[in-house]
Amino acid sequence: MAPLLRRLLRAVTVLAVLALATGTPTPALGIAPPQIDDGALGAVLGLAASARPPDETEQAKVCAEPTLQGGVPRDPPLAQRILDLAEAWQFSRGAGQKVAVIDTGVNRHWRLPALQAGGDYVSTTDGTVDCDGHGTFVAGIIAAQPSLEDGFSGVAPEAEILTIRQLSSAYEAKDRNRREEPGVITREGYGTVNTLAAGIVRAVDMGATVINVSEVACMAAGTAAADGALGAAVKYAYDRNVVVVTAAGNTMQGTACEKQNERSGWSAVGTVVTPAWFTPYVLSVASVDPTGAVSPFSLHGPWVGVAAPGREIVSLDSKPGGAGLVNATQTDEGYSTIDGTSFSSAYVSGLAALVRSRFPELTAAEVIDRIKLTAQAPDNGRNDKVGHGLIDPLAALTAQLPQKPVTVGSDIPRKIAGPSPPPYVDPAPRLVATIGSITLLALLGLGYAASIPFRRGEQVSVDPGAEQQTREGL
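Numbers -30 to -1, 1 to 444, taken from mature numbering (1 follows the signal peptide of the UniProt record, and there is no 0), label the letters of the sequence shown in order.
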């Protein structure tokens, strides 16, 4: 009997050790929220002033040629209907606001009559050339004027657009080795986090009240971001009362953005998106489908603030001399709809212009809070997929928020100061550790219980030699 009990006790001990080892997992790699060094801004101040490429560049690909499929939309596009912009325009149309589009440039279009040139970090233009189409799409969503010929309009049709060309997939540095350097936004093209930082500083200095950043860079958690100047630039804007809106990023195969952040919280981040992760100095925007569900390509993260439509986009034709609309791009397989968080962020930049026009006394932080607090929140509250939820322009322009009630008799909300959400704590490690501890205690208890009959047997032994041998065997 004694050998059997010894084997049982040893097995219980082994199981207890295994339970302890597996029940307390090694913490996820993850990251901490980024720390901003204001001094890093000095690296791009000269670039911001010059508004010229820091390298010699050349065009390496033909320019994009977007197209309009399905005919001219006579009714407002789906995104405009989802956001109920017609109702919101009763309260604001963005007058007096200058929205900087730091992107691939913006081609001149008759529906952007107040387009202001801000410079070019890609080539030698003034920023009003768009070989990629992307920046013109973004600008159209933000501020295109309506037309009697179709149902399309920008979110803030009375706002001005300031274009700063910072990126192009059609251009490259003549020194091709530069594409592998840290901070490159796209390996096949031209543009870095430093030219983006310079563009933000330049936009602030040129009087922008809202800055849209639809082009972002991704990197694996724990790798060198090379975005110190970019973090300092968004804080430079925030400190000077400028709202910076940025895309959450898209998952794309073969890029640094291909891996989705499947779990929630900073401790579970595997893919970092910059400048989106510089919360609270930016408002990061996810994409939702027409059904309201998060778009499958939209990158998740603890920095996501709100969501907006990002599928089946309609906007302005970016071809030189283009006067109409587009809703598709040409691919090897045919035509593809225009999708992405780039365009979701444009809708939110337009909303920021509406809010700033209606409530000029609000600070940048208060504008961001108002947009978050009036969004259509998910059932379980904020999450890393859509943030505080789908934006609600009408509510953002009319809600009387409880943080600071309006004056009796007035229908204009005063300054607000929305509470910051508490930091997310991932419950999984704690839950697993608790289960492991319970398992350990149960197994140890089982071992103790199993040993009781054996100990009682020792006490009734009539052979002192056998008793001594038994104790030594343990």
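Backbone N, C-alpha and C fix where the C-beta goes; we use that ideal spot for every residue, glycine too.
DSSP, read as helix, strand or coil, puts Pro363 in helix.
In the structure shown, Thr106 falls within a helical segment according to DSSP collapsed to helix, strand and coil. For Asp73, the enclosing beta strand (DSSP E) starts and ends at Lys68 to Asp73. Shortest Cα-Cα distance from Asp309 to any of Leu118, Asp339 and Val264 involves Val264.
Contact between Val356 and Val274 is confirmed by a C-beta separation of about 7 Å, below the 8 Å threshold. By alpha-carbon distance to Asn350, the top candidate from Ala194, His358 and Leu324 is His358.
DSSP places Ser312 within a helical segment (H, G or I) once states are collapsed to three. With a contact defined as Cβ atoms closer than 8 Å, Gly177 and Lys68 qualify at about 6 Å. Annotation: the continuous beta strand (DSSP E) that includes Val243 extends over Thr241 to Thr244. Annotation for Arg340: the continuous alpha helix (DSSP H) segment containing it runs Ala334 to Leu343.
At a Cβ-Cβ threshold of 9 Å, Ala65 and Leu321 do not count as neighbours. Here Val42 is exposed, its C-beta having fewer than 16 other C-beta atoms within 10 Å. Non-local C-beta neighbours of Ala323 in its own chain, meaning closer than 6 Å and more than five positions away in sequence, comprise Gly64, Gln67, Val69, Ala126, Ala129 and Val180, ordered along the chain. In this structure, the CA atom of Glu142 is about 9 Å from the CA atom of Asp25.
Around the beta carbon of Asn147, fewer than 16 other beta carbons lie within 10 angstroms, which makes this residue exposed. Runs of the alpha helix (DSSP H) lying entirely within the segment 170 to 222, each at least 4 residues long, are 198 to 209 in chain order.
Here DSSP, grouped into helix, strand and coil, assigns Ile283 to coil. In this chain, Glu331 is not harboured by any beta strand (DSSP E), its DSSP state being neither H nor E. Secondary structure at Gln39: coil, using DSSP grouped into helix, strand and coil. Annotated as distal: Ala207 and Ile155, with beta-carbon spacing of 9 Å or more.
In the DSSP assignment, Ala277 is bridged to Ala256 and Leu360.
In the three-state DSSP reduction, Asn77 falls in the coil class, being neither helix nor strand.
Cα atoms of Val76 and Thr133: separation of roughly 6 Å, rounded to the nearest angstrom. The distance from the Cβ of Pro36 to that of Thr301 is about 11 Å, inconsistent with a contact at the 8 Å cut-off. Cβ contact annotation for Arg172 (same chain, cutoff 8 Å, sequence separation greater than five): Ala18, Ala19, Ala21, Gly88, Gly89 and Ile134, in chain order.
As computed with DSSP, Asp354 is found in no beta bridge at all. In this chain, the beta strand (DSSP E) harbouring Gly304 covers Gly304 to Thr307. In the assembly as shown, Met222 is an exposed residue. Its beta-carbon has fewer than 16 other beta-carbons within 10 Å. The count of Cβ pairs closer than 8 Å, one atom from the segment 282 to 295 and one from the segment 333 to 349, stays below three, leaving the stretches out of contact. One Cα belongs to Gly219, the other to Arg44, and the distance between them is close to 31 Å. The three-state secondary structure of Gly97, taken from DSSP, is coil. Within its own chain, the residues whose Cβ lies closer than 7 Å to the Cβ of Thr27, once the five positions on either side in sequence are excluded, are Val92, Ser93, Tyr141, Glu142, Ala143, Lys144 and Tyr160, listed in chain order. For Val174 against Arg210, the beta-carbon gap comes to about 5 Å, under 8 Å, which counts as contact.
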